[in-house]
């Protein structure tokens, strides 16, 4: 083909992933008078893949309006306490944690707990 008769508009530009969708490509000469271009006709079989969105998680809502009633509030607290105590690890007696900074100034305790070597 002569370089003057080869133009960019004579070709079909397609992405490499969509090249399988091209079925027929024809170049028709002299489609328009007095031009050296070709009319390019392409038949495509386009398959559009639908976008799948994640389903929105619907979290359960709790009706807390009944907790304004004092008797219902006490019953809820008792039931919750019974259920927590029914598990084996909650029935043990828990000892309070000793405060390592008891009887020491706040600044010294802070620098000691942060791992600093500075004594104030």
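In the numbering used here, the protein residues as written are 614 to 733. Even glycine gets a Cβ: it sits at the ideal position worked out from N, Cα and C.
Chain-order list of residues whose beta-carbon lies under 6 Å from that of residue i (same chain, five-residue window excluded)
i: residue 679; result: 685
i: residue 664; result: none
i: residue 654; result: 639
Straight-line gap, residue i to residue j (C-alpha atoms, nearest Å)
i: residue 687; j: residue 671; result: 29 Å
i: residue 657; j: residue 666; result: 27 Å
i: residue 631; j: residue 641; result: 23 Å
i: residue 694; j: residue 662; result: 53 Å
i: residue 681; j: residue 673; result: 20 Å
i: residue 677; j: residue 668; result: 27 Å
i: residue 776; j: residue 629; result: A query on residue 776 cannot be resolved here, the shown segment of the chain reaching from 614 to 733 and no further.
i: residue 690; j: residue 698; result: 12 Å
i: residue 692; j: residue 683; result: 14 Å
Close-in-space but distant-in-sequence residues of the same chain around residue i (CB under 8 Å, 5 per side omitted)
i: residue 660; result: 634
i: residue 625; result: 635, 638, 653, 655
i: residue 696; result: none
Residues of its chain near residue i, where Cβ-Cβ distance is below 7 Å and the 5 sequence neighbours each way are ignored
i: residue 675; result: none
i: residue 627; result: 635
Classification of residue i by the beta-carbon crowding that lies within 10 angstroms, buried from 16 upward
i: residue 700; result: exposed
Identified DSSP bridge partners for residue i
i: residue 653; result: 640
i: residue 635; result: 657
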